[in-house]
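S.K.: Following this message is one structure expressed as structure tokens.
Numbering (our numbering), first residue to last: 203 to 312.
Following this line, the structure appears as structure tokens:
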């Protein structure tokens, strides 16, 4: 990852444009081509630097409530547990931790 990648990450994280061609706008801001921005974003997703690109909302302004949940899950049941938890649309984060409560996730709902 180089300085151009860092600049792209900063732009899409802090100033993602809501336009029909957002990567063109990012490219213009950074003096790059749209294709270069798209290729770099794809690569950053492939190597796991970018997990997802999407909205980030203020739950309280939507009258939603969020909570942090912890679970103590036996290792042999982790995959099944995570699949079930991630099946709920309100789960926004899901982390495996080296702790007796080894699965932590956030849940948001109206």
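Glycine included, C-beta positions come from ideal geometry on N, C-alpha and C. The structure presented is a predicted model; accordingly, all values stated were derived computationally and were not measured.
Excluding sequence positions up to five away, which residues of its chain have a Cβ less than 8 Å from the Cβ of residue 242?
M.R.: 206, 207, 210
S.K.: Please name the residue or residues paired with residue 310 in a DSSP beta bridge.
M.R.: 268
S.K.: Would you mind reading off the limits of the beta strand (DSSP E) that contains residue 298?
M.R.: 293–298
S.K.: Classify residue 305 as helix, strand or coil using the three-state DSSP reduction.
M.R.: strand
S.K.: From 246, 296, 221, pick the residue whose C-alpha is nearest to that of residue 308; which is it?
M.R.: 296
S.K.: Please go through the same chain and pick out, in chain order, the residues whose beta-carbon is closer than 6 Å to the beta-carbon of residue 232, but skip the five residues on each side of it.
M.R.: Closer than 6 Å at Cβ, skipping near neighbours: 209.
S.K.: On a Cα-Cα basis, can you pick out the residue from 285, 254, 270 that is closest to residue 303?
M.R.: 270
S.K.: Can you tell me the Cα-Cα spacing of residue 240 and residue 289, whole angstroms?
M.R.: 29 Å
S.K.: Taking residue 230 as part of the alpha helix (DSSP H), name the residues at either end of that continuous run.
M.R.: 224–232
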